[in-house]
Amino acid sequence: MMLTLLLTPALFMFLVSFLRNENAKYLLALSSFAILFPIVDLFTFVKPYAILGTYLVADKLDTYVLLVSSIVGIGVTLALFDLDKHVKVSPKAYRKFYRFFAIFWVGLIFSILSNHMGIYWIGLELATLSTVYMIKTNHTPAAHKEAWNYMIVGAIAVSLILFGIILMYASAKPILGEEAMQFDLLLKHAKEIPSPFLFEIGFAIATIGMFVKMGFFPMNLWLANIERASFYPVAALFSGILESAVIVGFFRFSQIAMEINYNNLFIFVFIYTILTIFIVSFLIFRAKDFMRLFSLSGIEHMALIVLFWVSGSPFAALLHFGAHAFLKPALFLSTGVLESNGKFRIPGALRGYKGKRGKIFLLLVSLFLLAIISLPPSPMFFSELYGFGAMINTAKESNHMLGMIGAVLFLLILLSIIFYRFVAIYQSMKYEGEDQDKKVYAGELFALIIFAISLAALMLPDTLHYLKTII
Amino acid sequence: MVDFLIGLFLASLIVALFTTRLNGLLLWYAINSLMLGLLALSMGSSIDDDAMILSGVITILMKAIAIPFFLKNISQKFHFSQQIVPKIKVHYAIMLVPVILVFTFYLSEPIVNMIHTHANYMAISISSLFLALLLIMEHSGVVPKVIGFLALENSLFLLGTTATKGMPMLIELGIFFDLLMAIVVINLLFDKEEMRI
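In order, the protein sequence lines correspond to chains A and B. Going by the working numbering, the first sequence opens with residue 1, and the numbers climb by one from there. Going by the working numbering, the second sequence opens with residue 1001, and the numbers climb by one from there.
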């Protein structure tokens, strides 16, 4: 019953996308809003709640991720109303976008709620494939090239994840049989897995696949190029929803790997993420347009979430994850207005806003920009405090305390480079350049307001308590 | 029989690496998929696993017949050049393939000891994975890259069959469904109207 409720809005959206009626776009938006209701309903059930036997099980973590994703979906839908005022988009492309958005949601629901490595992979692959066509809704040669690029690189990344899953399954099959695909059973019997080394190899390969999908080292620029070539709402979907599905997989796999050998997992992920942030910080320093800047900053934050998670602070990771999932789509959606007078016009991008709408937009974008670099009272400020605290605690307990503390300091230096760049860009946007009129439309403004309210809701005591009790 | 089929699977993939004609590449992909399907049928009947037999039949119907036929139709519809010259020269590729094979046999040694399966099956599965990646890398055209991706998927299927004696049926069907979805997306990306940019 719950599965039907969860899938009905997406299936309705898929069917409506075939209608050629002018009013169909309102029905499409309505179906996107409707996704939120069954997800809110999921919060009322005692967790873990079996949605489809042992295959799909809702626990506190996936209900939270689904809620965040559905709010991002609503924001994107609102922004889509005014997309044609910023860029050229045909009604046909608009309908096709929603057709694949519906498939994307089905894939996402399966991957996020799955308690099964195989179903997680199938859902993720479905979501990945459906986003390929979304990139192509922008009818430019660059978007066409990047859609193919995404198809090939995305498929390789997802294949690596499947490769890892096969090895993990093979390692646990002697004790669990066909049930060796279930996350909960694997976690329960992690210590009994007869070949832990095989599981770790599988985990490492699957993790590399997931990291490639999130734009980690060595694929730091592929996601930025794709997001640059697509429409703003597509980039918002990538950063706010698709990456959430990927990172949920990492959370699930790493919980098992932590039980098997925490030190190996920590060192592998620690080195990988620091390497990623090292490269990304310099790429951010050289970024000359908003889309690439936000995209690269997204990679930095995903790396931080991963780092906080493996450092033993799931609370910090999940708070950072929620804040990033709201902030980044908000910034991507506002890029449509910020780039009104050209792609590379950073100076003066925050000038020329008139009227009530303009002033609210100016205020919100300024707040989002400062929040993304973790200035208080941004949720990211608190998540980083908790996250770095956890990293120092892990360092104190390790055998290489000085090396670890040195690495944490190095990380802070890299983050300060990013901080400096963002502050410089913000100042250039606000105080340099000329006043040129920019128009803000109601849809995108509502989207930004929803994201701002959601961010504030993250800091409510009840929300923080919920996040603390997830793991 | 299984040894023979796995040998032919690997051989067809190696020949595909040296092919310079698009139709030839499609043919070798079809043969590669056929060997995979026959392998699943053979292994499934020897261990009496209906799920594996079913996935063998679907593999033959879908990957050895339907997909090559569909890709051939697309290449004719859009008049793709038949000439597909690999970026890596043949004399380098001839040296690279054995290096990959030897490397993977060495690489898979510790894993093979843990899986309790025939050592060569695992090594060949992993080496075919690397060869499929090489196929993707050595071509700049879209269709050869798509075939490389499909060959990669075949290698994973082989790994799943040999390392785990078959994945759960639900997962196998899900993977086939995703492959169908991939074909739909590829078709849309090739759509004539969309190609007119």
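Don't be surprised by glycine CBs; every beta carbon is placed ideally from N, CA and C. Note that this is a predicted model, so its numbers are computed, not measured.
Thinking C-alpha only, which one of the options is nearest residue i?
i, options, result
"I109(A)", "R99(A), F100(A), Y120(A)", "Y120(A)"
"Y150(A)", "K191(A), L283(A), E227(A), F332(A)", "E227(A)"
"M302(A)", "S70(A), F250(A), A407(A), L333(A)", "F250(A)"
"M291(A)", "V440(A), A229(A), Y169(A), N263(A)", "A229(A)"
"V1090(B)", "L1017(B), I1171(B), L1173(B), E1172(B)", "L1017(B)"
"S366(A)", "F203(A), A323(A), Q427(A), L283(A)", "Q427(A)"
"K356(A)", "Y441(A), A190(A), A224(A), L369(A)", "Y441(A)"
"G358(A)", "L319(A), L187(A), F446(A)", "F446(A)"
"L293(A)", "F321(A), L369(A), F266(A)", "L369(A)"
"D1003(B)", "L1026(B), L1189(B), L1159(B), H1118(B)", "H1118(B)"
"G209(A)", "A224(A), Q255(A), L187(A), L162(A)", "L162(A)"
"H86(A)", "E444(A), H400(A), L460(A)", "E444(A)"
"S1042(B)", "L1096(B), T1162(B), I1067(B)", "T1162(B)"
"P91(A)", "F231(A), K25(A), F199(A)", "K25(A)"
"F101(A)", "I284(A), S70(A), Y466(A), N264(A)", "S70(A)"
"S32(A)", "N21(A), A50(A), L19(A), F12(A)", "F12(A)"
"D59(A)", "L83(A), A10(A), L30(A), I112(A)", "I112(A)"
"H144(A)", "I1111(B), F1080(B), L1189(B), S1033(B)", "L1189(B)"
Any beta-carbon of chain B closer than 8 Å to the one on residue i?
i, result
"G249(A)", "no"
"G209(A)", "no"
"F197(A)", "yes"
"W222(A)", "no"
"K439(A)", "no"
"F231(A)", "no"
"S114(A)", "no"
"K136(A)", "yes"
"Y94(A)", "no"
"Y133(A)", "yes"
"L148(A)", "Note that residue 148(A) corresponds to Trp in the displayed sequence, not to Leu. For W148(A), the answer is yes, since a Cβ of chain B falls inside 8 Å of its Cβ."
"L162(A)", "yes"
"A155(A)", "yes"
"E178(A)", "yes"
"E125(A)", "yes"
Does DSSP classify residue i as helix, strand or coil?
i, result
"F193(A)", "The question names Phe, but residue 193(A) in the sequence shown is Ile. In the structure shown, I193(A) sits in coil (DSSP, three-state: anything other than H, G, I, E or B)."
"Y272(A)", "helix"
"V188(A)", "A small fix is needed here, since residue 188(A) is Lys in this sequence, not Val. Helix, per DSSP."
"I523(A)", "The question about residue 523(A) has no answer, for chain A in this structure spans 1 to 471."
"R20(A)", "coil"
"A287(A)", "coil"
"L56(A)", "strand"
"K1077(B)", "helix"
"Q436(A)", "coil"
"Q427(A)", "helix"
"Q255(A)", "helix"
Nearest chain A C-beta to residue i closer than 8 Å, yes or no?
i, result
"E1109(B)", "no"
"K1087(B)", "no"
"L1129(B)", "yes"
"F1221(B)", "Not covered by the structure: residue 1221(B). The range shown for chain B is 1001 to 1197."
"G1044(B)", "no"
"G1141(B)", "no"
"M1167(B)", "yes"
"M1095(B)", "no"
"L1170(B)", "yes"
"A1119(B)", "no"
"V1112(B)", "no"
Establish whether the CB of residue i and some CB of chain E are separated by less than 8 Å.
i, result
"S159(A)", "Of the protein chains in the structure, A and B, none is chain E."
Segment contact, 8 Å Cβ cut-off, at least three pairs: the stretch 72–81 of chain A with the stretch 124–136 of chain A:
no
* Inspect the CB distances between the stretch 374–387 of chain A and the stretch 238–246 of chain A and report whether three or more fall short of 8 Å. => no
Report the start-end ranges of each alpha helix (DSSP H) in the stretch 85–173 of chain A that is 4 residues or longer and not cut off at the edges.
91–113, 117–135
Checklist entry - Per the contact definition of three or more C-beta pairs closer than 8 Å, is the stretch 132–140 of chain A in contact with the stretch 94–113 of chain A? => result yes
For the stretch 1104–1157 of chain B, list the beta strand (DSSP E) runs that are entirely contained and at least 3 residues long, ordered along the chain. none
Requested in this report: Spell out a yes or no on whether the stretch 39–53 of chain A and the stretch 1–19 of chain A are touching, meaning 3 or more CB-CB pairs, one atom from each, closer than 8 Å.
Outcome: yes
- Taking the runs of the alpha helix (DSSP H) that are 4 residues or longer, which of them lie wholly in the stretch 344–396 of chain A? 355–372
Notebook entry, point to check: Pairing CB atoms from the stretch 334–341 of chain A with CB atoms from the stretch 311–319 of chain A, are three or more of them under 8 Å?
Noted result: no
Q) With contact counted as at least three CB pairs below 8 Å, one residue from each stretch, are the stretch 409–418 of chain A and the stretch 452–459 of chain A in contact? A) no
>> Contact between the stretch 1119–1127 of chain B and the stretch 1002–1015 of chain B is defined here as three or more beta-carbon pairs at a separation below 8 Å; is this criterion met?
In response: yes
| message | So, does the stretch 1153–1169 of chain B touch the stretch 170–182 of chain A, judging by three or more C-beta pairs under 8 Å? | response | yes
Query - Any 3 or more C-beta pairs closer than 8 Å across the stretch 183–194 of chain A and the stretch 1179–1192 of chain B - result: no
Next on the checklist: Quick test of the definition: if touching needs 3 or more C-beta pairs under 8 Å, does the stretch 1059–1072 of chain B touch the stretch 1034–1048 of chain B?
Outcome noted: yes
Any contact between the stretch 1075–1090 of chain B and the stretch 1139–1155 of chain B? By contact I mean 3 or more CB pairs, one from each, below 8 Å.
yes
### Message
Would the stretch 277–289 of chain A count as touching the stretch 206–220 of chain A if we require 3 or more Cβ pairs under 8 Å?
### Response
yes
- Query: Along the chain, which unbroken stretches of the beta strand (DSSP E) at least 3 residues long are found entirely within the stretch 284–325 of chain A?
  - Reply: none
Stretch-stretch touch, CB-based, cutoff 8 Å, three pairs: the stretch 329–338 of chain A with the stretch 251–259 of chain A = no
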